[in-house]
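Chemist:
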């Protein structure tokens, strides 16, 4: 802010000069007092000048709608929407989202710091304010091969970027609790530059949690019980109540929010697919859900505005008050939270559901061609099992935690799996796809439902290798080859033929296609996966699969190196005995 | 924090290694959840490792006392205690104060940045954590001569000091509202370096307040009504409820604190004299008063701990939680708030009222010899009045606001004042004492009560020239000469003889004498001023006088340049007609 801008701000606030814009006749939600004040909001440049009786060069009639500060999603991976940052902004800004705390963990696992740079540059093309966290755990564990390794040395440059708030969710909580040397190095990089360290530590408690909190963990979005929430909150962490496409924690946690602790409570999506956005909104959907769950509307708004701004040190954001950043939403009511106008930095950027700025995409060519698999054939899928009693990754509904279910499978003479329609168990393979290493690991997936064909995805948290499941090796091979040929994305295969596909050319994770088309295509493919391949009703076939390779979520998972027992935090044999 | 310290913190928190200290059997107040948790507090180095079942190299039994985070005074001028920073720390640490936000506005008005440097260096000798604000308005107004001028250019160096949080109370609120050029320059210095701007703007509201808040004012301690508090709070400022030796706002404001807004409420003293400290404590006294006024004890504790830490961006302070700075107080109860132990950065620094570290004073020689008056004699006190109807600075009780009372005084043939015992009105003089300018301004003081002799002080907000009052020019001259000869402080004179004195050699404001002696001497002098000189009962003779030269507090004041009408914000004649 230069002197002329500061002077103009004062002159307008003092009433000596007209505001650029005045939004008249609004019910202004004051997040500091909790009161709703009827009045006019004066905007000058990118800031609010004040609420009161002001005149503006432009005057807008809010027609008695509620004016609330722009909404903040406190933790999200844009990549999980499969949309480019520009397109993601186009979808969520009309819903009232004005700021997101984005952890580009997925694309950085694929493309390293180039992935971060792409996201930061792309984000400049959207009205949405995107603040970044530097992914802290790339790869997520030492038990897998991602496209990049971000070590403490690599972090020293990007952690200093102005738009990088700190280290993203520190998923290697075991490494923190054990005080692993390289973990300490990473933590010290953030501390040295005065940056935030965000958390991710499901289920731990007591002294383990104390050890984790003690390093200065700012927030955690992995609480799924009230006890977990209270433990983290009492340890001085912010708690981020999550409601996304994959994880639905908000209903389980809402009862924990009260007058004393709500200031330390935030809201986030983590992952938000376009279909969810179209059906349930974004942060406005969280607000609606909060109110339905019995949280006072203003308290819920605070969680999505001033509380988030405080947590993420976004000075002068999260409130409609003099000198604050002019991010606001006009809402029809405080129950449904339908947004009719969104203003960001003093500009009207969405009206009646329509995003107003021009859509421009930056060139993402540097992130295409990310599927690098050589020497793959169905021979790589052979398992030579010595026992037919196998540990299977068991799909459980309602989250991404899996069971470890012992299943008796049919084997041929060479110990190779033969699909049995009577047993809901198929082969799952992770095929390394970044550096042509030739790594392939196989295991079993139960209770997923598929009884014919195969699926393959280049979305496989967090290393984003190819995850493929199918009833036999021919089908899996066809699916892997198809997803490789299309340069990443999702394919459905039956009898060696592609039934349907969604290319995701940007790192195998994202596309510049409109969200509506992505949602429609995913829905179509979901239907085929369910109706034709047999994936269980109630599961999202793709999200579900994409988490089967994440070796930090209990109980059993698989990486390109092998089957992983998260409880023991080590590899394990496929055979049960 | 280096790697070994971080590792040890984790190892202790995780329970693998013994803590340095464990405080067992405590009722730990959790400022995040509001709950009181019985348990043991583990400390390692300067931080808390956690609350739980820990073992320590040293183990202390808290005997069921309440453990609360160390208390924070959010705005104080140490100088107003007349004590050195080292001695101030000795008095308040045993009461549970562990951090103060000090604005060395008084000494900087006398000695410029040398005064700041002295305070910062002296503060290193106390266990108390002293965070500084860079005085923003030196001199307070253009209508007086202080010992130094701190302009925006001068600020650029010190604003960057690590221990300087930002610009101190921006008292020139008129300059902000009018967007004065040099005010803008100062504000931009703070903004450029990402520093806080603290506020001070009594009584303004509406658009004036919006203009003031809009520049990013962080907090204001000048609210004296609930409306003022609510207005500032809704404008996004923190409000600092003040209870000091001179100003008593807390009782007037307590009813405004509620569940929604308390997070934005803090506590401060502004000025705290040793007598007040001995009688009413420090921040622990604020807590006691809060509870008496109906504020929930934990809410009050939050105001003095985590809320203050958030406002002043003191990361990792203000709570008993893993990784937080190990500042805590053991309190006997949550009603009287008698502190039995104070811990700062993991060290026991006070026990049963006794300050434990060694008391060392830095050499303050560079700040002595601050009374530089040449060419002063009683001739300078002549007024040559043309009318006997004069405006007088009228003492009002309960604050530092004064009236503007027209009084008919007796004059001799040359228009010089003759004291009339029937009229409570005496002469007041401000004698410039920094740069031998020879400036002297005279006016009248009513309802102060003095009927014989004179007083002179080198404490005269904010320029700290000599303020003297007396029944005639001989007495005033004697008092000014005496206070000059002793190098600053306070003198009481009758019949040209010093009745009692308190030397304040450090800048004419402070002494290294023990607080007990200062309090006793002030009490003795108070008694003499009241009983022998006639100062009205119920007034503090010295504090009252020291504010008569502050031209930002209504209604009538006097500087070394002349009588000042604060309402009109300009000089005014002494004669009423």
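Chains as they are written, first to last, in the numbering used here: chain S, 1 to 577; chain A, 1001 to 1577.
Virtual Cβ for every residue (Gly too), placed ideally from N, Cα, C.
1) Rounded to whole angstroms, what's the CA-CA distance from residue 289 (chain S) to residue 333 (chain S)? Just pull it up for me.
2) Hey, which unbroken runs of the beta strand (DSSP E) at 3 residues or more fall wholly within the segment 314-374 of chain S?
3) Could you give the C-beta distance for residue 100 (chain S) and residue 68 (chain S), rounded to a whole number, given that I count them as a contact under 8 Å?
4) Using only alpha-carbon positions, find the residue among S:507, S:518, S:517, S:515 that is nearest to residue 113 (chain S).
5) What residue range is occupied by the uninterrupted alpha helix (DSSP H) comprising residue 378 (chain S)?
6) Exposed or buried, which one is residue 156 (chain S) when buried takes at least 16 other CB atoms within 10 Å?
7) Over the uninterrupted alpha helix (DSSP H) stretch that includes residue 1088 (chain A), give me the two end residues.
8) Would you mind giving the Cβ-Cβ distance between residue 436 (chain S) and residue 372 (chain S), rounded to the nearest angstrom? I have them listed as a contact below 8 Å.
9) Using a C-beta cutoff of 9 Å, does residue 1156 (chain A) count as contacting chain S?
10) Verify whether the separation of the beta carbon atoms of residue 1169 (chain A) and residue 1133 (chain A) is less than 9 Å.
11) Taking 8 Å as the cut-off, is the C-beta of residue 378 (chain S) nearer than that to any heavy atom in the ligand NAD?
12) Just to confirm the assignment, what range does the beta strand (DSSP E) spanning residue 251 (chain S) have?
13) So, under 8 Å CB-CB, residue 19 (chain S) and residue 49 (chain S) are touching, yes? Tell me the CB distance rounded to an integer number of Å.
14) Can you name, in chain order, every residue of its own chain whose Cβ lies under 7 Å from the Cβ of residue 1416 (chain A), other than the five neighbours on each side?
15) For residue 1516 (chain A), name the three-state secondary structure that DSSP assigns.
16) In the DSSP assignment, find the unbroken alpha helix (DSSP H) run with residue 501 (chain S) in it and report its ends.
17) Taking C-beta to C-beta, are residue 1186 (chain A) and residue 1165 (chain A) nearer than 9 Å?
18) Let me check understanding here. Comparing Cα to Cα, which of A:1045, A:1095, A:1026 lies closest to residue 1039 (chain A)?
19) May I have the straight-line CA-CA distance separating residue 1410 (chain A) from residue 1547 (chain A), to the nearest angstrom?
20) Quick one, are the C-beta atoms of residue 578 (chain S) and residue 33 (chain S) less than 9 Å apart?
21) Roughly how many whole angstroms lie between the Cα atoms of residue 158 (chain S) and residue 1205 (chain A)?
22) Using C-beta distances below 7 Å, list every residue in its chain close to residue 941 (chain A), excluding the 5 sequence neighbours before and after it, in chain order.
23) Look at residue 127 (chain S) and residue 478 (chain S) and say whether their C-beta atoms are less than 9 Å apart.
24) Can you pull the chain S residues whose beta carbon is under 7 Å from the beta carbon of residue 1089 (chain A), in chain order?
25) Per DSSP, what kind of secondary structure is residue 608 (chain S) in: helix, strand or coil?
26) Residue 41 (chain S): which of S:35, S:51, S:5 sits nearest, CA to CA?
27) Going by the beta-carbon positions, is the gap between residue 220 (chain S) and residue 200 (chain S) smaller than 9 Å?
28) For chain A, find out if any of its Cβ atoms is closer than 9 Å to the Cβ of residue 213 (chain S); answer yes or no.
29) Run through DSSP, which three-state label would residue 231 (chain S) get?
30) For the alpha helix (DSSP H) containing residue 1481 (chain A), list its first residue and its last residue.
31) Are the C-beta of residue 324 (chain S) and some C-beta of chain A separated by less than 9 Å?
32) Quick one: residues in its chain with C-beta nearer than 7 Å to the C-beta of residue 537 (chain S), no 5 flanking neighbours on either side, listed in chain order?
33) Kindly list, in the order they appear in chain S, the residues whose Cβ is closer than 9 Å to that of residue 1571 (chain A).
34) Compare the C-beta of residue 1405 (chain A) against all C-beta atoms of chain S and say whether one is closer than 9 Å.
35) Curious, which full-length alpha helix (DSSP H) runs of at least 4 residues does the segment 1231-1297 of chain A contain?
36) Give the single residue among A:1368, A:1442, A:1163, A:1419 whose Cα lies nearest to the Cα of residue 1312 (chain A).
Modeler: A quick look at the data gives this:
1) Walking along the first chain from the start, residue 289 (chain S) turns up at place 289. Walking along the first chain from the start, residue 333 (chain S) turns up at place 333. Their Cα atoms are separated by approximately 14 Å.
2) 328-331, 339-344, 347-351
3) Your numbering for residue 100 (chain S) matches position 100 in the first chain. Your numbering for residue 68 (chain S) matches position 68 in the first chain. 17 Å between Cβ atoms; not a contact.
4) The residue given as residue 113 (chain S) occupies position 113 in the first chain. Taking only the C-alpha atoms, the option nearest residue 113 (chain S) is S:507.
5) For the purposes of this step, residue 378 (chain S) is identified with residue 378 of the first chain, where counting begins at 1. Here residue 378 (chain S) belongs to no alpha helix (DSSP H), and DSSP marks it neither H nor E.
6) By one-based count along the first chain, residue 156 (chain S) stands at place 156. Exposed, by the Cβ-count rule.
7) Stepping through the second chain from its first residue, residue 1088 (chain A) is reached at position 88. It spans 1085-1092 - the alpha helix (DSSP H) in which residue 1088 (chain A) sits, taken as one unbroken run.
8) Position 436 of the first chain, counted from the start, is the residue given in the question as residue 436 (chain S). Position 372 of the first chain, counted from the start, is the residue given in the question as residue 372 (chain S). Confirmed, about 5 Å.
9) Start at 1 with the first residue of the second chain, and residue 1156 (chain A) comes out as number 156. No, no contact with chain S.
10) By one-based count along the second chain, residue 1169 (chain A) stands at place 169. By one-based count along the second chain, residue 1133 (chain A) stands at place 133. Yes; because the gap between Cβ atoms is below 9 Å, this pair is in contact.
11) Within the structure as shown, the ligand NAD is missing, as the structure has no ligands at all.
12) Residue 251 (chain S) sits at position 251 when you count from the first residue of the first chain. Counting along the chain, residue 251 (chain S) falls outside any beta strand (DSSP E), though it belongs to the alpha helix (DSSP H) covering 250-253.
13) In the first chain, residue 19 (chain S) corresponds to position 19, counting from 1. In the first chain, residue 49 (chain S) corresponds to position 49, counting from 1. With a Cβ gap of about 6 Å, residue 19 (chain S) and residue 49 (chain S) count as contacting.
14) Taking the second chain and counting its residues from 1, one reaches residue 1416 (chain A) at position 416. These residues qualify, in order along the chain: 1382, 1383.
15) Within the second chain, residue 1516 (chain A) is the residue found at index 516, counting from 1. The answer is helix: DSSP assigns residue 1516 (chain A) an H, G or I state.
16) As a working mapping, residue 501 (chain S) is identified with position 501 in the first chain. No alpha helix (DSSP H) holds residue 501 (chain S); the beta strand (DSSP E) holding it covers 497-503.
17) Your numbering for residue 1186 (chain A) matches position 186 in the second chain. Your numbering for residue 1165 (chain A) matches position 165 in the second chain. Their beta carbons are not under 9 Å apart, which means residue 1186 (chain A) does not touch residue 1165 (chain A) by this criterion.
18) Translated into positions along the second chain, residue 1039 (chain A) becomes position 39. It is A:1026 whose Cα lies nearest to the Cα of residue 1039 (chain A).
19) Position 410 of the second chain, counting from 1, holds the residue named residue 1410 (chain A). Position 547 of the second chain, counting from 1, holds the residue named residue 1547 (chain A). Between residue 1410 (chain A) and residue 1547 (chain A), the C-alpha separation is close to 26 Å.
20) With chain S covering 1 to 577 only, the question about residue 578 (chain S) has no answer from this structure.
21) Here residue 158 (chain S) is taken as the residue at index 158 of the first chain, counted from 1. Here residue 1205 (chain A) is taken as the residue at index 205 of the second chain, counted from 1. Cα to Cα, the separation comes out at about 44 Å.
22) Chain A is shown only over 1001 to 1577; residue 941 (chain A) falls outside these bounds and no answer can be derived.
23) Position 127 of the first chain, counted from the start, is the residue given in the question as residue 127 (chain S). Position 478 of the first chain, counted from the start, is the residue given in the question as residue 478 (chain S). No, they are not a contact pair.
24) Taking the second chain and counting its residues from 1, one reaches residue 1089 (chain A) at position 89. The contacting residues do not exist; residue 1089 (chain A) stays about 26 Å from chain S at best.
25) Since the first and last residues shown for chain S are 1 and 577, residue 608 (chain S) lies out of range.
26) Here residue 41 (chain S) is taken as the residue at index 41 of the first chain, counted from 1. Here the closest residue by C-alpha is S:51.
27) Your numbering for residue 220 (chain S) matches position 220 in the first chain. Your numbering for residue 200 (chain S) matches position 200 in the first chain. For residue 220 (chain S) and residue 200 (chain S), yes; Cβs fall inside 9 Å.
28) One-based indexing of the first chain puts residue 213 (chain S) at position 213. At least one chain A Cβ lies under 9 Å of residue 213 (chain S).
29) Along the first chain, read from residue 1 onward, the residue named residue 231 (chain S) stands at position 231. In the structure shown, residue 231 (chain S) sits in a helix (DSSP, three-state: H, G or I).
30) Here residue 1481 (chain A) is taken as the residue at index 481 of the second chain, counted from 1. 1473-1485 is the extent of the alpha helix (DSSP H) around residue 1481 (chain A).
31) As a working mapping, residue 324 (chain S) is identified with position 324 in the first chain. It does: the Cβ of residue 324 (chain S) has a partner Cβ on chain A nearer than 9 Å.
32) Looking up residue 537 (chain S) in the first chain gives position 537. Around residue 537 (chain S): 530.
33) By one-based count along the second chain, residue 1571 (chain A) stands at place 571. Going along chain S, no residue has its Cβ under 9 Å from residue 1571 (chain A), so there is no contact; the nearest lies around 25 Å.
34) Position 405 of the second chain, counted from the first residue, corresponds to residue 1405 (chain A). No, residue 1405 (chain A) does not count as interfacial toward chain S.
35) 1250-1253, 1274-1280, 1283-1292
36) Mapped onto the second chain, residue 1312 (chain A) falls at position 312. It is A:1163.
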